[in-house]
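Inspection log for the structure reproduced underneath, given as structure tokens.
Protein chains in written order, with this note's numbering: chain A, 12 to 236; chain B, 152 to 1085.
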């Protein structure tokens, strides 16, 4: 069953010199629930743009995005914010934890945003345990290694039990071993929490862990498996 | 490397512009003091000298030396004294710009008999042969010819018109001087070829008028010098006079010092050599001026110090922010193996470029600021005065500019030295340390130490105001330590306040953390946990705001107290003593004059006049036990007096009107000065017996007063041994109507209260031919005070300081926040991706602004006010005047604080608006991308 899909998605950027760049051209994809779907492509192929549109961070110029069969591309202000808060989690390439919050607070923060008050502490600890960082709960981002930070980011993305987690090059800044650890975490999470994960990567070594995948080039889907 | 630099400057043009601005301001503030003290010096000295010239009628800066050259024989003569004097005159002339006119006048005299044969008879006349340097340029030949005439076998001489008349000689006559020999042994022959008078009556060359020279025959300069001037082997006894007249319109500190030095040498020589006498009319005056001028320069220098420090802090802050943005680039450079020294030198070259770029605009702005100083009339108040003559590219000014550049360069490069250690790897570990550790000053309690030292400084000066004032009146400037303590106090208090402010969000967060909405939660974790990041801007804000307030209150207090004192000691804005006509017809038998009272209401209708009062002053006799004394009595119409007299509020135990009302309630009531109560034991309600014009009067004491307009509190008198002592001034205030029943109509003073200018009153007096005995005008005294270098410079400096503080406060603040937000772009992107709304982000920022900015501004106001309270009473001593009566009151103008708060409020709102705009314009995906790039 598909949880997220898009129809004829187009996105055009106007560059600084006034020229226009067609970042996505009529993209149609369909992502199945409970799977790890990989968006693959060289840098500049449009995968991050696609991810941002699917996650509601950006609006398409034309085309539609459905989350659970609900159109989301035209949602306004707070509705959009609420949609993200409740249904979506993000993991970014650069370690994007809040530097002034410790590991526990960073995870807890997504629960706060989703308006979950009850059982917040338990869920936070559970998520931290899931990524194997129970002992690091009071550490601040700058006191942790890149891999540890990314694991906290995964814990944060899953804490409020979103329907989909979008991960943009989550292993990009990590060495291979640490990167694999993070992928393994995401896989475990899918198994345990029935979350759908969509991630982008250009690392062929990671492709094999995906349940499904699309390949992009110059804003178009050129392959699917 | 240079290309990299150029690229860098292009990319960060706004920050670079801020750096340039900091440099320009720094240079201009440094230069303007030098330019100002130079410019104001010549203006003030020039004005004083003109007053002296018009009052004394004598040229104000004149040195006259007289030397006698006696010749006994070839070995024994006083040629060396002559030579010395001539040498001194030459020394003055070396500094060409300072001498306006110099005259050398030599005569061969000593009993020279001049023979003249007329009608076969020999006449003997006591005439001298001489020369006066440059004579031919200053004369008008009235008859005959000038030196160019042919002497027909004799030397041509010219004489004054008076000479001809006194000596009964005519043009063309040949005289033989038998004491002055020609080579063949005969007497020197001269022919009178012309007579002269001065070409211009105002020519200062004529220290003595031409008529003074009624026995001197003048030879041309070259002939006289050629034939007779030989100091080593003089043949003739001679008299020499040198007049040096200095140009007072353009004297620099250096030339004043030079003049004083040579003059003192001259005087010292004259004391040892009886053959030399000296007359000068300026040493004491110039010395006093130099002392005063040093005091002004020192005071201004001390006043500008905090501004300089703030400007340096501003430059450090901008430089730091630039560096934070460039950390990545530095890391790249380092990873390519470029050494720390090279990176530092890169920034060094950059700051040198910025510094050099700023020199010319800095000096020009300095000149502008200098004119601002010169036209300052009060705090934030300017008047049009003749512009100061400023030497813009004087070596001293250039030196200041160079100092400014060096200071700014240090401030720019210093943060690089500390931050360039960061490479991509070490950046992280360094950060860890920074967050975990408090800043050094907090950790070691340096803030408390600095504050304590400032307090101690204040404490050690407080209570010694009188001693300080005495020293100031002797011409010393105030101890720089005092200003230093005030600066330390502000800094210490600012740091401590910063430390304390951090507790507030911490406490709030601790109490409410669990239930806070997500936006505020994120905001609080930011505010409470990145304290050290905010310290800099907080301290900066507190310092600027408190310094602004301190500057404003210092200026207001200095001006206000001076004004209060002048107005109070004068009594009223204007006091007019009219010459009264006496009525001869009504002259009584006892020869008492019967006066005709002029119409007082004439004055009430003059433009600008607000009210007029009659004030009669006299001395009365009173007895205390067996001791008789003569206090002064002032008789007034209470209502008019109250309206007219200047009694500033806040100095009396009850309102002045209240006192006057009590007096008016009893016809024979009197108000006595406090001395009656404190040293003679009188009480309110007692009767007080005194006699006016020999008539005994019983007054009822309605009250006592410590201050009364126009009356000093203490008087200095001499005891039997001539030793001075200070005692209470004993005076009585009574009702004029009552006193008149005893004395009859007597001439009184007219006290006038005037709004703005007193000009219309003078015009009225002139137009209506009112005869006055005297006019005292407090507004003129005030205007004179405002023209003084110290007060004018202080007002200007404090005003400039205040304005600079506001400017750099706003710019520094905006830069800090805009960069800080740019820095956190990624973080905001993440928060928004996670589901924080735009409003939430703005809320976060506003909350942050409240704790960082609003609280700092509040602390700044508090620190400024408190520092003012502690230090202004001490600093004000520097402006002590011998005639001040009223004690110091700190005077504040709420508008100043309001101005600061308006600017600060505007700044915060603008900041939030700019940030809001910036954030809302940047989409989330863009923010994330930007953040990743950064």
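Beta carbons: idealized from backbone N, C-alpha and C, even for Gly. Everything numeric in this text was worked out from a predicted model, so none of it was measured.
| Item | Value |
| --- | --- |
| Element boundaries [beta strand (DSSP E), containing residue 33 of chain A] | 31–43 |
| Limits of the unbroken beta strand (DSSP E) element including residue 885 of chain B | 882–886 |
| Those residues which DSSP pairs with residue 232 of chain A across a bridge | A/227 |
| The segment 587–602 of chain B / the segment 985–1001 of chain B touching (three or more Cβ pairs under 8 Å) | no |
| Per-residue DSSP class, three states only, for residue 540 of chain B | coil |
| Length at least 4, wholly inside the segment 470–556 of chain B: the alpha helix (DSSP H) runs in chain order | 491–525 |
| Buried or exposed (CB count within 10 angstroms, at least 16 for buried), residue 788 of chain B | buried |
| Contacts of residue 978 of chain B in chain A (Cβ-Cβ under 8 Å) | 107, 109 and 110 |
| Cβ separation of residue 347 of chain B and residue 311 of chain B, assumed to be a contact under 8 Å, to the nearest whole Å | 6 Å |
| Residues in the segment 967–995 of chain B having any Cβ partner in chain A nearer than 7 Å | 977, 978, 981, 984, 985, 986, 987 and 988 |
| Residue nearest to residue 183 of chain B in terms of C-alpha spacing, selected from B/862, B/505, B/549 and B/758 | B/549 |
| DSSP-derived helix/strand/coil call for residue 394 of chain B | strand |
| Simplified DSSP state of residue 203 of chain A, which is helix, strand or coil | helix |
| Residue 672 of chain B at chain A interface by Cβ criterion, 8 Å | yes |
| Cα-Cα separation between residue 134 of chain B and residue 510 of chain B, rounded to whole angstroms | Here chain B comprises residues numbered 152 to 1085, so residue 134 of chain B is not present and cannot be evaluated. |
| Inter-residue Cα distance where the pair is residue 210 of chain A and residue 961 of chain B | 45 Å |
| Within-8 Å CB hit, residue 139 of chain A to chain B | no |
| Whole-angstrom distance between residue 879 of chain B and residue 785 of chain B, CA atom to CA atom | 17 Å |
| Proximal chain B residues relative to residue 120 of chain A, where beta-carbon distance stays under 8 Å | 669, 672, 673 and 985 |
| CA-to-CA distance, residue 1058 of chain B to residue 965 of chain B, given in whole angstroms | 8 Å |
| contact_flag[the segment 918–931 of chain B, the segment 675–690 of chain B] where n(CB pairs < 8 Å) is 3 or more | no |
| Inter-residue spacing [alpha-carbon to alpha-carbon] between residue 290 of chain B and residue 350 of chain B | 5 Å |
| When B/496, B/315 and B/177 are compared against residue 156 of chain B, the one with the closest alpha-carbon | B/496 |
| Interface residues of chain A facing residue 676 of chain B [CB-CB closer than 8 Å] | 109, 111, 112 and 116 |
| Segments of 3+ residues assigned as beta strand (DSSP E) that fall wholly inside the segment 224–301 of chain B | 250–259, 265–269, 272–276, 279–283 and 290–295 |
| Contacts that residue 680 of chain B makes with chain A (C-beta to C-beta distance below 7 Å) | 111 |
| Neighbour flag for residue 711 of chain B against chain A, beta carbons, 8 Å | no |
| Sub-8 Å separation of residue 23 of chain A and residue 72 of chain A beta-carbons | yes |
| Candidates A/167, A/78 and A/174, of which the one nearest residue 141 of chain A by Cα | A/167 |
| Opposing strand residues paired with residue 51 of chain A [DSSP bridges] | A/212 and A/226 |
| Residue 332 of chain B - containing beta strand (DSSP E), residue span | 325–332 |
| Touch test, the segment 950–961 of chain B against the segment 1045–1054 of chain B, Cβ-Cβ under 8 Å, three pairs minimum | yes |
| Cutoff 8 Å: residue 124 of chain A Cβ touching any chain B Cβ | yes |
| Presumed contact (8 Å Cβ cut-off) between residue 565 of chain B and residue 608 of chain B, rounded CB distance | Not a contact, Cβ separation roughly 27 Å. |
| Per-residue DSSP class, three states only, for residue 851 of chain B | strand |
| Given residue 315 of chain B as reference, the closest of B/298, B/453, B/300 and B/345 once Cα atoms are compared | B/345 |
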